[in-house]
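Peer 1: This is the structure I have questions about; it appears just below.
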Amino acid sequence: MAVARKLFRGQKQWTPGMPILAMTMRESRDPEKCTEHELEEIAWALRQVEIDRRSKTAKDRLFNLLLSYQDTRTLSPYVSFASTKSVALNFALEDDTPGYVIEINDCGLGDTLDFNSVRRKYDLWADQKPWLNEIGVPRAVTPELIRRVSLVKYDDLHRVTEEVIYGGSTTGRPV
């Protein structure tokens, strides 16, 4: 039996009961159709590279899809999570303003995409963002999958503080 990994996401807004949607689910004229199309695109690209690992065309297609999902976000059918909390903190504290770190477990999420593992498997490294440790969750993360939410901010001495506001203690403490 596999052990569930903790995954983390940093964002600026959160309210109880709020689903976390992939960009294609939020920004598309036809969210379901666009999201399904993008998921089919990545599945097709993965199949093509698996069929012929030496194919430059197939590898370039997969390389470009992964990079566009991380760079533009508008076409990404994935909700972006990180396997490390430090990455989520960077996003939550962007512009030195408070934000939220959302924690989930990866069991029961379906076909997640580990960007670094795919790049490693097919030798697709170049100028990507390996420090992101990004795990893509397809379509959305429903509220019941959220295990913990923390409000994070800088205190007067510019130390990061964390207050668990959902799923645990409500006392503030340094991270």
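Each residue of the sequence shown is one higher than the one before, counting from 3 in the numbering used here.
Positions of the beta carbon are idealized from the N, C-alpha and C atoms, including for glycine.
Please tell me whether Pro2 and Ala24 are closer than 8 Å, where the distance is taken between their beta carbons.
Peer 2: Any property of residue 2 remains undetermined from this structure, which presents the chain solely from 3 to 177.
Peer 1: For a minimum of 4 consecutive residues, which ranges assigned as the alpha helix (DSSP H) are wholly contained in the segment 76-130?
Peer 2: 87-94 and 117-124
Peer 1: DSSP puts Ser152 in a beta bridge; with which residues?
Peer 2: Position 150 of the sequence shown holds residue 152. Val103 and Val166.
Peer 1: Does DSSP classify Ala142 as helix, strand or coil?
Peer 2: Your numbering for residue 142 matches position 140 in the sequence shown. Ala142 falls in the strand class under three-state DSSP.
Peer 1: Mind checking Asp108: buried by the 16 CB within 10 Å criterion, or exposed?
Peer 2: Taking the sequence shown and counting its residues from 1, one reaches residue 108 at position 106. Label assigned to Asp108: buried.
Peer 1: Have a look at Pro165 and Asp158 and give me their C-alpha separation to the nearest angstrom.
Peer 2: Against the sequence shown, residue 165 aligns to sequence position 163. Against the sequence shown, residue 158 aligns to sequence position 156. The displayed chain sequence assigns Glu, not Pro, to residue 165. In a straight line, the C-alpha of Glu165 is about 16 Å away from that of Asp158.
Peer 1: Name the two residues that bound the continuous alpha helix (DSSP H) containing Leu41.
Peer 2: Position 39 of the sequence shown, counted from the start, is the residue given in the question as residue 41. Where Leu41 is concerned, the enclosing alpha helix (DSSP H) stretches over Pro33 to Ile53.
Peer 1: Just to check my reading of the structure: Leu77 and Ser70 have Cβ atoms closer than 8 Å, yes? What is that Cβ distance to the nearest angstrom?
Peer 2: The count along the sequence shown starts at 1 and reaches residue 77 at position 75. The count along the sequence shown starts at 1 and reaches residue 70 at position 68. With a Cβ gap of about 6 Å, Leu77 and Ser70 count as contacting.
Peer 1: Run through DSSP, which three-state label would Gln15 get?
Peer 2: Translated into positions along the sequence shown, residue 15 becomes position 13. Residue state, collapsed to three classes: coil.
Peer 1: Quick one: Cα of Ser88 to Cα of Asp97, how far?
Peer 2: For the purposes of this step, residue 88 is taken as the residue at position 86 of the sequence shown. For the purposes of this step, residue 97 is taken as the residue at position 95 of the sequence shown. Those two C-alpha atoms are separated by around 16 Å.
Peer 1: State the beta-bridge partners of Phe10 as determined by DSSP.
Peer 2: Here residue 10 refers to the residue found at position 8 of the sequence shown. Ala84 and Glu105.
Peer 1: From what residue to what residue does the alpha helix (DSSP H) around Asp158 run?
Peer 2: Position 156 of the sequence shown, counted from the first residue, corresponds to residue 158. That residue, Asp158, is in no alpha helix (DSSP H); it is neither H nor E in DSSP.
Peer 1: Check whether chain D comes within 8 Å of Leu9, counting only Cβ atoms and requiring the distance to be less than that.
Peer 2: Judged by its chain identifiers, the structure shown contains no chain D, having just a single protein chain.
Peer 1: Could you tell me the boundaries of the alpha helix (DSSP H) in which Asn66 lies?
Peer 2: As a working mapping, residue 66 is identified with position 64 in the sequence shown. Run containing Asn66: Lys58 to Asp73, per the alpha helix (DSSP H) assignment.
Peer 1: Indicate the three-state DSSP secondary structure (helix, strand or coil) for Met20 in the structure shown.
Peer 2: Start at 1 with the first residue of the sequence shown, and residue 20 comes out as number 18. Note: Met20 maps to coil in three-state DSSP.
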